[in-house]
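These notes concern the structure reproduced below.
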Amino acid sequence: MTFTSQQYLHALAPIDKVIDAFIEEEKSSNTDVWSTQSQGRFAALLASSPYSSSSPDLSNDEDIEIECDGIEFLPSEKYVQKLMKRYTTRLEMEGKELEDNNLASLVCHFSMSRISKLPDPADSCLLTYLVPLVEKEGGCRDLSRQMKHDMLRIRIYPHHNDVGVAKVWEAGACLAEYLIQYPECVRGRRVIELGAGVGLTGFIAAVVGATSVHMTDYTDATLENLIYNVSINNEWLEDRGIATDSVSIGNLEWGEYAEHDCCSHPADVLIAADVVYTVECIPDLVATVSKFLSSGSSTNAKVALFATTYRNRSTFALFERELEKKRIMCHYKSQDEMPY
């Protein structure tokens, strides 16, 4: 799957990916990639950031607050600054001069901007995703241009010490892609998500046809951020024919669910991404999955879908052994087998 430089930018992708995608787009239009015109287009690419499109009073000692309501893209200011520096460095390495006035103004703005060198856990930013709609027949088509609310918006706190709000984790993005490619996994079924984090995967489950999605996590920071992300995407959901009350949020301690079945949201499919990360959490995690698969009644067999980043061999091996003890059968797909 190929992404544009703007899509990479709006997802806060690695900086070189944004620049490389931009260069490829310039090459495809037979343009000198470091020309004045090209520099102007790079400045325009950054102009979707409120930090670059506004002209704040830099003499004011007070922090500048930007109201997020209605903004489609609100990046980390540090990210935009680093992106600008990397682009101008590569420009210099090519022996080119900074000639575009708009780009020069942005460079001046960020060179004068007082951005703390210490990361602030309270700094947040918005990521945006253009999500294809899945037709009843199962194919995908992008209908977002026909809709009032194009972008799914996800708030993250990139410097926070709570991993649930810090980013969209790789396995979560992979599971979201998987559900887009195989919507039949959740279509017409009730879904519960463990370790929902910032909510991307749960939103995708809803948009590909789940009848309900209950996103769960357990830290206060994560749950508060999930509530916010659902609230700013209510109209995005409604645009796609999804009732906002079909997407819910709840606190779920894995051990408590396994022991008491305290979740009041029955489900047919359990999804989870990047939850196999410490040895200590695995017994409760597996007990929760076992309780889910064996409890309640469902017309179709219950299924648990996991996506994981293979970080530690011994941790994952323990996860597999615990599943085997519970007689839970597993089927695997590697990233190489994915159709994207």
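Be aware that the sequence shown starts at 0, since it is given in my numbering, and climbs by one per residue. Glycine included, each C-beta is placed from N, C-alpha and C at the ideal position.
Please identify the residue among the options whose C-alpha is closest to the C-alpha of residue i.
| i | options | result |
| --- | --- | --- |
| V229 | S313, F315 and I203 | I203 |
| W253 | Y217, Q80 and C184 | Y217 |
| P131 | M150, S123 and A220 | M150 |
| V190 | E321, Y309, I231 and V246 | V246 |
| V167 | R152, K324 and L105 | R152 |
| A209 | T215, I270 and E169 | I270 |
| D273 | A266, D267 and I281 | I281 |
| I226 | L236, M214, W235 and E237 | M214 |
| L44 | K77, I231 and S4 | S4 |
| E183 | D31, T307, I327 and V302 | V302 |
| S104 | P118, E91, G94 and T87 | T87 |
| N250 | G196, S110 and D99 | G196 |
| D335 | K26, G94 and Y177 | Y177 |
| Y256 | D238, D119 and L193 | L193 |
| G201 | A172, E223 and Q180 | A172 |
| V268 | D283, K290 and V275 | K290 |
| L174 | A10, I18, L199 and P118 | L199 |
| G240 | A205, P265 and S34 | A205 |
| D15 | K84, I231, A46 and S37 | K84 |
| A165 | A242, L11, F21 and A46 | L11 |
| D119 | D283, E23 and S75 | S75 |
| Q6 | H264, S333, Y331 and L129 | L129 |
| Q80 | H108, N101 and A266 | H108 |
| G39 | I179, L102 and S28 | L102 |
| D350 | L322, E237 and D238 | There is simply no residue 350 to check, as the chain begins at 0 and stops at 339 in what is shown. |
| G187 | V207, I179, A170 and E169 | V207 |
| E98 | C124, S34 and L82 | S34 |
| R326 | Y309, V288, S313 and N311 | V288 |
| V185 | C329, K26 and L304 | L304 |
| T277 | T307, P265, I248 and A300 | T307 |
| D122 | T1, A286 and N224 | N224 |
| E24 | N160, V285, T1 and A46 | T1 |
| E93 | A242, Y78, A300 and I22 | I22 |
| V32 | K77, H9, E96 and Y78 | E96 |
| W235 | N29, V17, T127 and S37 | T127 |
| Y309 | A170, F41, S27 and D219 | A170 |
| K77 | S110, N100, C329 and R89 | S110 |
| R89 | C124, V162 and V17 | V17 |
Could you pull the DSSP bridge partners for residue i from this structure?
| i | result |
| --- | --- |
| T348 | In the structure as shown, the chain begins at 0 and stops at 339. Residue 348 is therefore absent and cannot be evaluated. |
| S247 | H213 |
| I270 | E192 and L304 |
Considering residue i, what are the terminal residues of the beta strand (DSSP E) in which it resides?
| i | result |
| --- | --- |
| A303 | V302 to A306 |
Taking 8 angstroms as the threshold (beta carbon to beta carbon), is residue i in contact with chain E?
| i | result |
| --- | --- |
| L125 | Judged by its chain identifiers, the structure shown contains no chain E, having just a single protein chain. |
By the DSSP assignment, the alpha helix (DSSP H) with residue i in it spans what residues?
| i | result |
| --- | --- |
| K325 | Neither: K325 is in no alpha helix (DSSP H) and is coded neither H nor E. |
| T287 | I281 to S293 |
| E91 | E76 to M92 |
| V17 | I14 to S27 |
| R40 | T35 to L45 |
| L8 | S4 to H9 |
Less than 7 angstroms separating the Cβ of residue i from some heavy atom of the ligand GTP?
| i | result |
| --- | --- |
| D19 | In the structure shown, the ligand GTP is absent, as is every other ligand, since no ligand is present at all. |
If we require 3 or more residues per run, which beta strand (DSSP E) segments fall completely within the stretch 161-185?
none
As an exercise, report each continuous alpha helix (DSSP H) stretch of at least 4 residues that is fully enclosed by the stretch 177-241, in chain order.
199-206, 219-231 and 233-238
Using 8 angstroms as the Cβ pair cut-off and three pairs as the minimum, do the stretch 156-174 and the stretch 314-332 touch?
no
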